[in-house]
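Below is one structure, written out as structure tokens; comments come after it.
Protein chains: 2
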Amino acid sequence: MDETDCKLLNLIQHDAALSLDELSERAGLSRNACWRRIKRLEDEGIIKGRVTLLDASRINVGLTAFIALRTTEHSASWLERFSNAVRDIPEIIGVYRMTGDVDYLLQAVIPDVAAYDRLYQRLIGRITLADVSSSFVMQEIKSTTVLPLDYAPERRG
Amino acid sequence: MDETDCKLLNLIQHDAALSLDELSERAGLSRNACWRRIKRLEDEGIIKGRVTLLDASRINVGLTAFIALRTTEHSASWLERFSNAVRDIPEIIGVYRMTGDVDYLLQAVIPDVAAYDRLYQRLIGRITLADVSSSFVMQEIKSTTVLPLDYAPERRG
DNA sequence: AGTGAAAGATTATCGGA
DNA sequence: TCCGATAATCTTTCACT
Chain Y
2 MDETDCKLLN LIQHDAALSL DELSERAGLS RNACWRRIKR LEDEGIIKGR
52 VTLLDASRIN VGLTAFIALR TTEHSASWLE RFSNAVRDIP EIIGVYRMTG
102 DVDYLLQAVI PDVAAYDRLY QRLIGRITLA DVSSSFVMQE IKSTTVLPLD
152 YAPERRG
Chain D
2 MDETDCKLLN LIQHDAALSL DELSERAGLS RNACWRRIKR LEDEGIIKGR
52 VTLLDASRIN VGLTAFIALR TTEHSASWLE RFSNAVRDIP EIIGVYRMTG
102 DVDYLLQAVI PDVAAYDRLY QRLIGRITLA DVSSSFVMQE IKSTTVLPLD
152 YAPERRG
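So the protein sequences, as listed, match chains Y and D. Just so you know, the first sequence maps onto residues 2 to 158 in this note's numbering. Just so you know, the second sequence maps onto residues 2 to 158 in this note's numbering.
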């Protein structure tokens, strides 16, 4: 992965709707060279896909909650049930198993605190949790899907 | 926003590369009705944009850290400086001002713990922080850009 | 809301450096 | 092996009915 690949990736990370013409011009490439690079990056799996981002408040999920969970059970079967439960709940957009004193960190989007409470009830109805601690986002200072390319490996075979 | 809009939004949330033909077929619409709906959703700002998602581990940022911050200063000018600092750091992909005992929650992606430490040093070099507490993601159980449409308002004028 | 045509974009193949 | 050009196909966009 060279500098031109990085340039292309950065452009399409910000805007997946850029045409090949725009991309190739901004990257200083011919249309075809550009197309082949992007195709290669897709085939290699570096590009995972293109998605459409929606305005959360316009679809009435303007409140974001972070939920820190602790569990008493640390078995594989518990994790399996937990994973299935959270994957089935569309309000939950992120679930991470963590180092440290918190076992799991969840991110959820909901309309308001009342909806959060219903989500909470649904969650503890499906799985046993030792401790649940929630905080709400008052202000979103930064939130991006753009990843830094500064660490990308020089080449690959 | 009716049921067909939701269907369309859900399709394009998952895959922004779907063609109008595919979309209109799956939504049970003519090509043009489909195109007009999507255009309207864009113009109304419900669709924020299309982005390309990259595989974090392939670009060498396979480690995610959540960083809980507390500050002694609670002034507008501090927040301003803090916001500028975090926006300038590409490893930091999310920054949220929170309710509760933690003032700010940050999400960052880095190659490894050593890189995290350099990021940490950079951060505390630019701004004064009372307390910093970091946890690392051991396992990503769910992480999606897809928002739930269950709460979307029925109509809008 | 649907048709169809013009404009534009994507993809594949081919020839050359 | 990589790059550029050309051509065929598919998509998007929009005016008109």
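We put the CB at the ideal spot given by N, CA and C, even for glycine.
Looking at the unbroken alpha helix (DSSP H) that takes in glycine 126/D, where does it start and where does it end?
114-127
Quick check: the stretch 63-81 of chain Y against the stretch 114-123 of chain D, are at least 3 beta-carbon pairs closer than 8 Å?
no
Close Cβ partners of aspartate 113/D (< 7 Å) along its chain, the five nearest in sequence each way excluded
Leu64
Same chain, Cβ closer than 6 Å to tyrosine 97/Y, five either side skipped, listed in chain order:
Leu106
Quick check on leucine 24/D: does DSSP put it in helix, strand or coil?
helix
Beta-carbon proximity of leucine 70/Y to aspartate 132/Y, cut-off 8 Å
yes
Between glutamine 140/Y and arginine 59/Y, what straight-line distance do the alpha-carbon atoms span, to the nearest angstrom?
16 Å
Would you check if the distance between the CB atom of isoleucine 142/Y and the CB atom of aspartate 56/D is smaller than 8 Å?
no
Are there three or more Cβ pairs, one per stretch, closer than 8 Å when the stretch 85-101 of chain Y is compared with the stretch 15-24 of chain D?
no
Threonine 53/D - partner residues in DSSP beta bridges
Arg51/Y
Assign serine 25/Y to buried or exposed, taking buried as 16 or more other Cβ atoms, counted over all protein chains shown, within 10 Å of its Cβ.
buried
Does tyrosine 97/Y have its Cβ less than 8 Å from a Cβ in chain D?
yes
If you run the structure through DSSP and keep just helix, strand and coil, what is alanine 69/D?
strand
Which residue marks the beginning of the alpha helix (DSSP H) containing isoleucine 13/Y, and which one marks its end?
4-15
Which listed residue (Ala153/D, Arg88/D and Ser136/D) has its alpha carbon closest to that of arginine 127/D
Arg88/D
Which of the three DSSP states, helix, strand or coil, is assigned to valine 133/D?
strand
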